[in-house]
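Let me begin by presenting the structure, written as structure tokens, before commenting on it.
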Amino acid sequence: SIASGGSNLAVDQHDEEEDDDKKQKASEKVEKASEETEESLLEESAALKTKREAMTESERKQQSQKEEEERILREASKIQTNALQAASELSQGLIYKSSLETSWTPPKSVLAL
Numbered sequence: 001s002i003a004s005g006g007s008n009l010a011v012d013q014h015d016e017e018e019d020d021d022k023k024q025k026a027s028e029k030v031e032k033a034s035e036e037t038e039e040s041l042l043e044e045s046a047a048l049k050t051k052r053e054a055m056t057e058s059e060r061k062q063q064s065q066k067e068e069e070e071r072i073l074r075e076a077s078k079i080q081t082n083a084l085q086a087a088s089e090l091s092q093g094l095i096y097k098s099s100l101e102t103s104w105t106p107p108k109s110v111l112a113l
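Going by the numbering used here, 87 is the number at position 87 of the sequence shown; the sequence numbering is gapless.
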């Protein structure tokens, strides 16, 4: 039992190293993207503001409705992915990569359908 615990520890450490590598690569991509854009956030904000002011009232309503729908869809997709997880699992960030193995099979009457 101690040997299996040690191997689990090695697997966990390997998984953590892979996660760290993924995070580092993601941060490098973000840095490259920010270097490629020459426009500052203030300039971007000003451009968006002038674009928004140029829109008619009906276009503004359509834009805000579209943004609200996108927000609702993002929330709904997040809820769907987390629906079967316990609150404690969500708070600890547990992610299961494989399904539980089971020997259960449906009744023959159901299989016949």
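No residue lacks a Cβ here, since even glycine has one placed at the ideal position from N, Cα and C. These numbers were taken from a predicted model, which means no experiment stands behind them.
Can the beta-carbon of residue 55 be found less than 8 Å from the beta-carbon of residue 65? no
For residue 58, the three-state DSSP class (helix, strand or coil): helix
Does DSSP put residue 70 in a helix, a strand or coil? helix
What are the boundary residues of the alpha helix (DSSP H) that includes residue 108? 108 to 111
Is it true that the CB of residue 73 sits closer than 8 Å to the CB of residue 82? no
As a quick exercise: from 77, 71, 95, pick the residue whose alpha carbon is nearest that of residue 85. 95
Would you kindly work out how many angstroms separate the C-alpha atoms of residue 47 and residue 24, rounded to a whole number? 32 Å
DSSP on residue 79, reduced to helix/strand/coil? helix
Between the C-alpha atoms of residue 58 and residue 44, what's the straight-line distance to the nearest angstrom? 23 Å
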